[in-house]
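Chains as they are written, first to last, in our numbering: chain A, 27 to 229; chain B, 27 to 229; chain C, 27 to 229.
We put the beta carbon where it would ideally sit given N, CA and C, even for glycine.
Contents: one structure, followed by commentary.
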């Protein structure tokens with residue numbers, strides 16, 4: 027089980043790095059800048075969670091994460107220069123990463139004694155704020171703040187996870203159910219263009 | 027006294043959340059994005075202070091702040107879609123929040139043993155950097171860096187507070203006097219368009 | 027030796043503050059905003075390193091750094107309004123600061139037990155991320171992500187430093203050699219317009 031989580035986490039880190047490369051690639055940024063944006067995208071959400079919890083930052087203690095994000099970033103950079111990748115190739119693994127990061131983040135926050143509502147918010151931070159930091163570095167309004175449900179799916183799943191735990195559901199079952207909910211809500215949102223209302227259009 | 031501070035702090039958190047909604051609402055951001063900007067605006071300054079002091083982050087330990095900021099954000103979002111709020115409705119409570127956050131932040135930093143000049147700077151960070159982070163998320167040059175005195179009023183008040191304490195003035199009296207100074211300087215700056223010089227105009 | 031490091035560090039802090047003023051001055055930002063951008067530019071990289079290492083933030087404990095950055099920022103602001111400074115006046119001291127900050131940051135991270143690859147990355151963070159934060163505040167795509175080698179020179183030097191230490195070279199010799207490498211690589215990059223490839227141009 028521990029090994030499975032490690033493999034999935036590494037995959038999620040790599041996928042987040044790839045989305046960083048794809049976004050940064052549209053900017054006048056060089057190879058190394060693209061790699062730094064990829065690292066921020068992959069490691070930023072978990073870093074914010076760990077800083078807010080006063081917990082050792084996960085990739086400082088174990089450099090496997092930094093190496094994995096870096097390798098994924100460089101490989102993607104090379105690949106994108108060779109072939110034209112379809113933009114939506116990574117939507118499914120990205121949704122998987124969002125689901126996994128959110129539930130891991132929520133669990134870590136609860137282990138550190140955070141109150142339940144704060145823990146759900148730190149799950150969201152873990153899942154979605156790597157992308158926010160990526161967009162800040164690229165000088166864009168964060169994508170997760172608009173378009174198809176993303177941050178919303180993350181927070182909804184974190185709250186579902188906590189609700190299931192409070193209802194006495196086994197931790198592994200609750201975690202898998204909440205990850206499935208985030209993943210399916212995100213995929214459904216992309217497929218049927220589910221969005222939250224904004225009020226900018228009114229002005 | 028403790029209860030009064032709590033009530034005023036909550037009001038300041040709520041007002042900061044409201045200014046976040048009003049700024050984010052001008053952007054192509056959805057409901058949840060607006061709420062996240064509101065949270066950043068309300069909690070960002072105190073979070074930076076606590077991280078810099080290696081102090082437990084205030085809203086992680088006590089989730090009342092997160093709930094208050096969230097509720098204020100959602101209510102404002104709904105309200106703004108129903109009625110057109112005058113833009114300057116919140117200038118007075120915002121000035122009150124700036125004054126309160128600055129002095130609380132300065133006091134907290136001194137309690138943690140920060141040297142006096144650093145403590146005054148962390149008072150400024152507490153008072154004004156929620157707005158800076160809000161503007162970064164909205165992809166704008168921070169508003170507190172231009173226009174009528176804002177960050178300047180905050181830092182001036184923090185230094186006044188420390189000067190009064192060094193002169194032997196009672197803590198409560200010094201705090202109230204410094205808060206009054208920040209509030210009045212900010213309101214006067216808005217009324218008479220008091221600004222600091224820049225040098226961009228020269229180029 | 028300790029005093030020499032202190033003097034060079036102070037110079038590097040001051041030079042970073044100056045680059046902050048020069049960038050912020052092109053924006054509609056007032057005197058105080060310019061000073062805050064200068065502080066971020068000067069202290070931001072080391073602050074990020076210290077937060078990531080869970081180490082007391084260097085300028086919170088010793089306010090000399092904050093005072094030096096502030097004084098450099100205000101003096102530059104005044105100077106720029108009086109005389110037109112050539113834009114490339116600070117390229118050499120900035121390269122010196124990059125070299126020094128990178129090696130100090132790498133050393134500090136190793137002292138805190140960070141794995142070698144993480145330590146090299148935190149050297150880069152110390153050297154280059156003050157400039158990244160400066161550009162985020164000024165609402166620009168970070169300059170260190172494009173143009174002549176900058177972040178790349180920093181990371182290459184950090185890795186050289188660690189490689190020399192592993193090869194048994196004396197710490198002071200290794201540090202000076204790595205600093206010289208960063209400085210010369212940066213100056214050579216400016217002189218011969220050495221850049222890394224990007225892929226934005228292809229689109």
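Q.
Can you list, in chain order, the residues of its chain with a C-beta nearer than 8 Å to that of residue 118/B? Leave out the 5 residues immediately preceding and following it.
A. Here residue 118/B is taken as the residue at index 92 of the second chain, counted from 1. Only 213 meet the Cβ criterion.
Q) Would you say residue 54/C reaches chain A, if we count a Cβ-Cβ gap shorter than 7 Å as a contact? A) Within the third chain, residue 54/C is the residue found at index 28, counting from 1. No, because no Cβ of chain A sits closer than 7 Å to the Cβ of residue 54/C.
Q.
Let me check you understand the geometry: is the CB of residue 78/B closer than 6 Å to at least one non-hydrogen atom of the ligand HEM?
A. No copy of the ligand HEM occurs in the structure displayed, which carries no ligand at all.
(Q) Using a Cβ-Cβ cutoff of less than 7 Å, which residues in the same chain neighbour residue 53/C once the five nearest sequence positions on both sides are dropped? (A) Within the third chain, the letter at position 27 stands for residue 53/C. So the list reads 164, once near-sequence residues are dropped.
Q.
Against chain C, which members of the region 159 to 184 of chain A pass a CB distance test of less than 8 Å?
A. Contact residues of the region 159 to 184 of chain A toward chain C are 162, 163, 164, 165 (C-beta to C-beta distance below 8 Å).
Q | Exposure of residue 196/B, with buried meaning 16 or more beta-carbon neighbours within 10 Å | A | Position 170 of the second chain, counting from 1, holds the residue named residue 196/B. So residue 196/B counts as exposed.
Q. Below 7 Å between beta carbons: does that hold for residue 71/A and residue 151/A?
A. Taking the first residue of the first chain as position 1, residue 71/A is located at position 45. Taking the first residue of the first chain as position 1, residue 151/A is located at position 125. Cβ atoms of residue 71/A and residue 151/A: closer than 7 Å.
Q: Using a threshold of 7 Å, state whether the C-beta atoms of residue 123/A and residue 75/A are closer than that.
A: As a working note, residue 123/A is residue 97 in the first chain. As a working note, residue 75/A is residue 49 in the first chain. For the 7 Å CB-CB criterion, residue 123/A and residue 75/A do not form a contact.
Q. Between residue 89/A and chain C, is there a C-beta pair that is closer than 7 Å?
A. Your numbering for residue 89/A matches position 63 in the first chain. By this cut-off, residue 89/A is an interface position.
Q. What residues in its chain sit with their C-beta under 6 Å from that of residue 157/C, if we drop five residues either side in the sequence?
A. Numbered from its first residue, the third chain carries residue 157/C at position 131. Excluding sequence neighbours, residue 157/C sits near 170.
Q | Residue range of the alpha helix (DSSP H) that includes residue 137/A | A | By 1-based counting over the first chain, the position of residue 137/A is 111. Note, residue 137/A: alpha helix (DSSP H), 117 to 137.
Q | Secondary structure, alpha helix (DSSP H): runs of 4+ residues fully inside the region 156 to 204 of chain A | A | The qualifying runs are 177 to 192.
(Q) With distance defined between alpha-carbon atoms, name the residue in 34/A, 201/A, 46/A, 125/A nearest to residue 100/A. (A) As a first step, residue 100/A is located in the first chain; it is residue number 74 there, counting from the start. Closest option to residue 100/A, Cα to Cα, is 46/A.
Q: Give every residue of the same chain whose Cβ lies closer than 8 Å to the Cβ of residue 66/C, excluding the five residues on either side of it in the sequence, and list them in chain order.
A: Taking the first residue of the third chain as position 1, residue 66/C is located at position 40. Setting aside the 5 residues that flank it on each side, residue 66/C is surrounded in the same chain by 46, 156, 159, 160, 163, each with a C-beta closer than 8 Å to its C-beta; the list follows chain order.
Q: Could you tell me whether the region 30 to 43 of chain C touches the region 89 to 104 of chain C, where touching means 3 or more Cβ pairs closer than 8 Å?
A: Yes: at least three Cβ pairs fall under 8 Å.
Q | Whether residue 194/C touches residue 129/C by CB criterion (7 Å) | A | On the third chain, residue 194/C is found 168 positions in, with the first residue counted as 1. On the third chain, residue 129/C is found 103 positions in, with the first residue counted as 1. Going by C-beta atoms, residue 194/C is not nearer than 7 Å to residue 129/C.
Q: Return no unless some Cβ of chain C is closer than 7 Å to the Cβ of residue 227/A.
A: Working through the first chain from its first residue, we reach residue 227/A at position 201. With a pLDDT of only 40 at residue 227/A, under the threshold of 50, the placement of this residue in the model should not be trusted; the figure read from the coordinates follows. Proximity of residue 227/A to chain C, defined by a Cβ-Cβ separation below 7 Å, is not satisfied.
**Q.** Residues near residue 153/C by beta carbon distance below 7 Å, same chain, minus five either side
**A.** Taking the first residue of the third chain as 1, we reach residue 153/C at position 127. The residues are 71, 124, 127, 128, 131, 180.
Q.
Could you compute how far the alpha carbon of residue 133/C sits from the alpha carbon of residue 63/C?
A. As a first step, residue 133/C must be located in the third chain, where it is residue number 107. As a first step, residue 63/C must be located in the third chain, where it is residue number 37. A straight-line Cα-Cα distance of about 27 Å links residue 133/C and residue 63/C.
Q. What number of angstroms, rounded off, separates the C-alpha of residue 217/C from the C-alpha of residue 173/C?
A. Walking along the third chain from the start, residue 217/C turns up at place 191. Walking along the third chain from the start, residue 173/C turns up at place 147. Cα to Cα, the separation comes out at about 12 Å.
Q: Please confirm if residue 92/B has its CB atom under 7 Å from at least one CB of chain A.
A: For the purposes of this step, residue 92/B is taken as residue 66 along the second chain, with counting starting at 1. Residue 92/B counts as touching chain A.
**Q.** Residue range of the alpha helix (DSSP H) that includes residue 64/A
**A.** Within the first chain, numbered from 1, the residue matching residue 64/A stands at position 38. For residue 64/A, the uninterrupted alpha helix (DSSP H) run begins and ends at 57 to 78, by DSSP.
Q: Could you work out which residue in 77/C, 148/C, 58/C is closest to residue 96/C when comparing CA atoms only?
A: For the purposes of this step, residue 96/C is taken as residue 70 along the third chain, with counting starting at 1. If you compare the alpha carbons of 77/C, 148/C, 58/C with that of residue 96/C, the shortest gap goes to 58/C.
Q) At a CB-CB cut-off below 7 Å, which residues of chain C make contact with residue 83/A? A) Sequence index remark: in the first chain, residue 83/A carries index 57 (1-based). 78, listed in chain order.
Q.
Bridge partners for residue 224/C per DSSP, in chain order?
A. In the third chain, the residue the question calls residue 224/C occupies position 198. Beta-bridge pairing links residue 224/C to 56/A.
(Q) Just to make sure I have the definition right: I need the residues of chain B whose C-beta is within less than 7 Å of the C-beta of residue 58/C. Which are they? (A) As a working mapping, residue 58/C is identified with position 32 in the third chain. Those are 177, 178, 222, listed as they occur along chain B.
(Q) Which residue wins for smallest C-alpha separation from residue 186/A, given the options 167/A, 83/A, 166/A, 211/A? (A) Working through the first chain from its first residue, we reach residue 186/A at position 160. When each option's Cα is compared against that of residue 186/A, the closest is 211/A.
Q: Hey, could you find the ends of the alpha helix (DSSP H) residue 106/C is sitting in?
A: As a working note, residue 106/C is residue 80 in the third chain. The continuous alpha helix (DSSP H) containing residue 106/C extends over residues 90 to 108.
Q: Evaluate residue 223/B with the Cβ neighbour count: other Cβ atoms within 10 Å of its Cβ, from every protein chain shown; 16 or more gives buried, anything less gives exposed.
A: In the second chain, the residue the question calls residue 223/B occupies position 197. By the 10 Å Cβ count, residue 223/B comes out exposed.
Q: Evaluate residue 60/C with the Cβ neighbour count: other Cβ atoms within 10 Å of its Cβ, from every protein chain shown; 16 or more gives buried, anything less gives exposed.
A: Numbered from its first residue, the third chain carries residue 60/C at position 34. Buried is the call here.
Q) Under 7 Å between C-beta atoms, does residue 127/B make it to chain F? A) The structure shown contains no chain F; its protein chains are A, B and C.
Q. Can you list, in chain order, the residues of the region 112 to 145 of chain B whose Cβ is nearer than 7 Å to any Cβ on chain C?
A. Taking 7 Å as the Cβ-Cβ cut-off against chain C, the residues of the region 112 to 145 of chain B that qualify are 140, 141, 143, 144.
Q.
Rounded to the nearest angstrom, what separates residue 189/C and residue 141/C at their Cα positions?
A. On the third chain, position 163 is the one that residue 189/C refers to. On the third chain, position 115 is the one that residue 141/C refers to. Looking at the two C-alpha atoms, the distance is approximately 13 Å.
(Q) If I measure Cβ to Cβ from residue 178/C and keep anything under 7 Å in the same chain, skipping five residues before and after, which residues do I get? (A) As a working note, residue 178/C is residue 152 in the third chain. Cβ within range, chain order: 222.
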